[in-house]
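Number 149 in this note's numbering belongs to position 144 of the sequence shown; there are no gaps in the numbering. All residues carry an ideal CB built from backbone N, CA and C; glycine is no exception. All remarks here apply to the structure that follows.
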Amino acid sequence: MKMNRRSLNIIIIGVVAFIVFKQVRHRYYFSAGMQILQSELKQAKEERKHVLLLFTGSDWCAWCVKMDQEVLDTPTFKAYADEALVVVEADFPNDKAGQSEDLQARNRKLRNAFSVNSFPTLLFLDSTGKVVEYQEGYQEGGAEAYVARLRQKFDAL
6 MKMNRRSLNI
16 IIIGVVAFIV
26 FKQVRHRYYF
36 SAGMQILQSE
46 LKQAKEERKH
56 VLLLFTGSDW
66 CAWCVKMDQE
76 VLDTPTFKAY
86 ADEALVVVEA
96 DFPNDKAGQS
106 EDLQARNRKL
116 RNAFSVNSFP
126 TLLFLDSTGK
136 VVEYQEGYQE
146 GGAEAYVARL
156 RQKFDAL
């Protein structure tokens, strides 16, 4: 009986330690992410915009390419972005020849800060850094429908 209680106590301590470690780690990465985005957050505040943080795999992720072609690279979305967003792209291509070590490190820090595990992931932040919209994966419907959803969401805030 004592052995079972002791084992249970060890398991409980291990689980609690794991949870605490995850929280501390997340706060550390999140804080680092906010440090990286200071100029973009400042710009968003001054211009009364949101920050779009786009995580993509531009040369290998089929859904990222589709999202770019059907939504993000269209005149409709670009006009909306100019009006309402400060866009920050964190690209994770297979061919990193076009990315500096600093840019790769920045992108990894942002990915860790926001716990991004799939592509494309789009995070919309207010000017304080609060995530107000989190989208994983390709969004169907084209640019007009996508922009309409964003306008509806952000006009309500």
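Is it right to say residue i is buried, meaning 16 or more other beta carbons lie within 10 angstroms of its own, or is it exposed?
| i | result |
| --- | --- |
| I15 | exposed |
| Q28 | Low per-residue confidence applies at Q28: pLDDT is 48, beneath 50, and the placement is therefore not dependable enough to give any value. |
| R11 | exposed |
| E45 | buried |
| K4 | Nothing about residue 4 can be read from this structure; the chain reaches only from 6 to 162. |
| A148 | buried |
| A67 | exposed |
| A89 | buried |
Residue j and residue i - do their beta-carbons sit closer together than 8 Å?
| i | j | result |
| --- | --- | --- |
| Q157 | V76 | no |
| C69 | F124 | yes |
| D73 | P98 | no |
| A95 | N122 | no |
| V91 | Q48 | yes |
Just list the residues that DSSP pairs residue i with in beta bridges.
| i | result |
| --- | --- |
| L59 | E94, L127 |
| Y139 | L128 |
Fill in: Contact the segment 127-142 vs the segment 53-71: 3+ CB pairs below 8 Å
Between the segment 127-142 and the segment 53-71, the count of C-beta pairs closer than 8 Å reaches three or more; the two stretches touch.
Worksheet entry | Touch test, the segment 131-140 against the segment 80-88, Cβ-Cβ under 8 Å, three pairs minimum | Touching, no.
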